[in-house]
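Counting from 235, one number per residue, gives the positions in the sequence shown under my numbering.
No residue lacks a Cβ here, since even glycine has one placed at the ideal position from N, Cα and C.
In this text the structure is predicted, and so the values were computed from the model without any measurement.
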Amino acid sequence: MTSARTQPILDEQARHRSAFESFCRLLTAEELDEQVPGMPWTVHGYVAHLATIDSLIVPFLAPLVGIAGVPAPEVPPPSPFDIDEWNEAMVPLRAGAPVDELLSEAAKHRAEYVRVLSALSDEQLDMMIPFGGDRKVIDLPPTQVRLEDLLWAIALHDPNHTQDILRAIPQREPDVRGWLASSDFARIPEAITARRA
């Protein structure tokens, strides 16, 4: 049975994923090709990132809840682990992929992620885990964060990166204004926010 603390996370991320999918389907090929200022990715690159990142997270969490047989990520995690290096290797592999294909892949990975999250206990949600964040962009040392807090940050990943995307295509802001205004970014602890680009 899903923990009463996990269900709101699942509901929140499902709401944001639905809104993000709708937003992505509005975008033109020209908008997808726009470079996000000051960042290494185009709009399409951010969509590819959000479509693939769950495939990296699930294999780390599945052993906690005794779930075996989850697919390994297409790009093996680097050793020592560095999420930036993984993203740099993974996102270019989706260059040129149609949005519908990316969203279909995202749905597949998200289903596995939901299956794993649904099995977490309250004790596991309280675990302290290492979090390095975007070390190549932000010069802060790794820290320890509660797993539950990290899961809330992941639940808000879609609206967080939609804000990045809007820097490239600000004309689309009215399409997502209500959704982003309803996103409670204050739920994410400072220790996590400070380490994310």
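Subject >> C-alpha gap between Asn321 and Thr236, whole angstroms >> reply: What you label residue 321 is simply residue 87 of the sequence shown in a count that begins at 1. What you label residue 236 is simply residue 2 of the sequence shown in a count that begins at 1. Roughly 30 Å between the two C-alpha positions.
Original post:
What did DSSP end up calling Phe365 once you bin it into helix, strand or coil?
Top reply: Working through the sequence shown from its first residue, we reach residue 365 at position 131. Three-state DSSP puts Phe365 in a strand.
Original post:
What residues match up with Gln378 in a beta bridge as DSSP calls it?
Top reply: Numbered from its first residue, the sequence shown carries residue 378 at position 144. Gln378 pairs with Pro364.
Original post:
Among Leu400, Leu337, Asp392 and Ala282, which residue has its Cα nearest to the Cα of Pro326?
Top reply: Here residue 326 is taken as the residue at index 92 of the sequence shown, counted from 1. Among Leu400, Leu337, Asp392 and Ala282, the Cα nearest to that of Pro326 belongs to Ala282.
Subject >> As assigned by DSSP and simplified to three states, the class of Thr276 >> reply: Sequence index remark: in the sequence shown, residue 276 carries index 42 (1-based). When DSSP states are grouped into helix, strand and coil, Thr276 belongs to the strand group.
Subject >> Per-residue burial, Leu260 [other beta carbons within 10 Å of its own, 16 or more giving buried] >> reply: Here residue 260 refers to the residue found at position 26 of the sequence shown. Exposed.
Subject >> Selection from Ile317, Leu385, Leu337 and Arg380 that minimises the alpha carbon distance to Val350 >> reply: Here residue 350 is taken as the residue at index 116 of the sequence shown, counted from 1. Comparing Cα positions, the closest option is Leu385.
Subject >> Paired residues, beta bridge with Gln241 - DSSP >> reply: In the sequence shown, counting from the first residue as 1, residue 241 sits at position 7. BP columns for Gln241 are empty, so no partner.
Original post:
Which residues does DSSP pair with Gln247 in a beta bridge?
Top reply: By 1-based counting over the sequence shown, the position of residue 247 is 13. For Gln247, which the question treats as bridged, DSSP gives no partner whatsoever.
**OP:** Taking the CB atoms as reference points, tell me whether Leu390 and Ile422 lie closer together than 8 Å.
**Re:** On the sequence shown, residue 390 is found 156 positions in, with the first residue counted as 1. On the sequence shown, residue 422 is found 188 positions in, with the first residue counted as 1. Contact annotation: Leu390 and Ile422 have beta-carbon atoms nearer than 8 Å.
Original post:
In this structure, what does DSSP give as the bridge partners for Gln397?
Top reply: Your numbering for residue 397 matches position 163 in the sequence shown. Beta-bridge analysis with DSSP links Gln397 to no other residue.
Original post:
So does the stretch 400-407 actually touch the stretch 258-276, counting three or more Cβ pairs closer than 8 Å?
Top reply: Counting Cβ pairs under 8 Å, three or more are found: they touch.
Original post:
Roughly how many whole angstroms lie between the Cα atoms of Ile388 and Glu264?
Top reply: Taking the first residue of the sequence shown as 1, we reach residue 388 at position 154. Taking the first residue of the sequence shown as 1, we reach residue 264 at position 30. Counting only the Cα atoms, Glu264 lies some 28 Å from Ile388.
Original post:
Alpha carbon to alpha carbon, how far is Gln378 from Phe365?
Top reply: As a first step, residue 378 must be located in the sequence shown, where it is residue number 144. As a first step, residue 365 must be located in the sequence shown, where it is residue number 131. Per the coordinates, the alpha-carbon of Gln378 lies some 6 Å from the alpha-carbon of Phe365.
Original post:
Who are the Cβ neighbours of Ala340 in its own chain at under 6 Å, not counting the five residues just before and after it?
Top reply: On the sequence shown, residue 340 is found 106 positions in, with the first residue counted as 1. Residues of the same chain with a CB within less than 6 Å of the CB of Ala340, apart from the 5 flanking positions on each side, are Ala285 in chain order.
**OP:** My understanding is that Arg251 touches Arg344, with C-beta atoms under 8 Å, so please give their C-beta distance in whole angstroms.
**Re:** Residue numbering aside, residue 251 sits at position 17 when the sequence shown is read from its first letter. Residue numbering aside, residue 344 sits at position 110 when the sequence shown is read from its first letter. Right, their Cβ atoms sit about 6 Å apart.
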